[in-house]
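To start, the structure under review is shown below, and the notes come after it.
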Amino acid sequence: MSAALGNRNRRTHRAVVDLAREYISGEGVPVASYPRPQRLMDIGEEIHPDLDVAGVALSVTSRRSLRLSDDLDAAVGVANLSGSPVGAVLQWRSDRPIAESYAVLRLVDLIALVRTARATTP
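With our numbering, letter number 72 in the sequence shown gets 1085, and the count goes up by one each step, no holes.
Structural data, given as structure tokens:
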């Protein structure tokens, strides 16, 4: 279930998730997506972000107005529930290519990602 609330058009949201997945994958970064439940009863016991990008739970929003604080809080909540160490929001900018979307995360999570990258760099 996506943490990014307020995506009024499911088709647009799914298209943006697909665009983001294709872009991220095309850049050689591991990414997984999950089917979006159509009904509340289809959610089950597992909570998934829109995309899992190398361990980062990425919630996608296609909303035109920015609500980054609320969306980031929700994304961190989904990350915690799904067992991901980092939650982040991808805010699509409808007038720009998907590569120019905003990716928002907490500073503490940015530091954790940098430390992980340093530790795995030869």
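Note that the Cβ used here is the ideal one computed from N, Cα and C, for glycine as well.
Values in this document were obtained by computation on a predicted structure and should not be read as measured data.
Taking the continuous alpha helix (DSSP H) assigned at residue i, which residues delimit it?
i, result
"alanine 1130", "1120 to 1133"
"tyrosine 1036", "1023 to 1039"
Any idea which residues DSSP pairs residue i with across the strands?
i, result
"glycine 1096", "Bridge partners of glycine 1096: none, in fact."
"alanine 1101", "Leu1071"
"leucine 1064", "Ser1046 and Leu1071"
By DSSP, does residue i sit in helix, in strand, or in coil?
i, result
"leucine 1079", "coil"
"leucine 1018", "Because leucine 1018 carries a pLDDT of 47, less than 50, the predicted location of this residue cannot be relied on, and the following value inherits that uncertainty. Coil, per DSSP."
"valine 1091", "helix"
"aspartate 1108", "coil"
Please classify residue i as buried or exposed, where buried requires at least 16 neighbouring CB atoms within 10 angstroms.
i, result
"valine 1042", "exposed"
"proline 1062", "buried"
"isoleucine 1124", "exposed"
"serine 1078", "exposed"
"alanine 1016", "Its pLDDT being 41, under 50, alanine 1016 is placed unreliably in this model, and the value from its coordinates should be taken loosely. The residue in question, alanine 1016, is buried, as its Cβ has 16 or more Cβ neighbours within 10 Å."
In terms of residue numbering, what span does the beta strand (DSSP E) encompassing residue i cover?
i, result
"alanine 1045", "1044 to 1046"
"alanine 1116", "1115 to 1117"
task: Please determine if the region 1077 to 1095 and the region 1115 to 1131 are in contact, where contact requires at least 3 C-beta pairs separated by less than 8 Å.
output: yes
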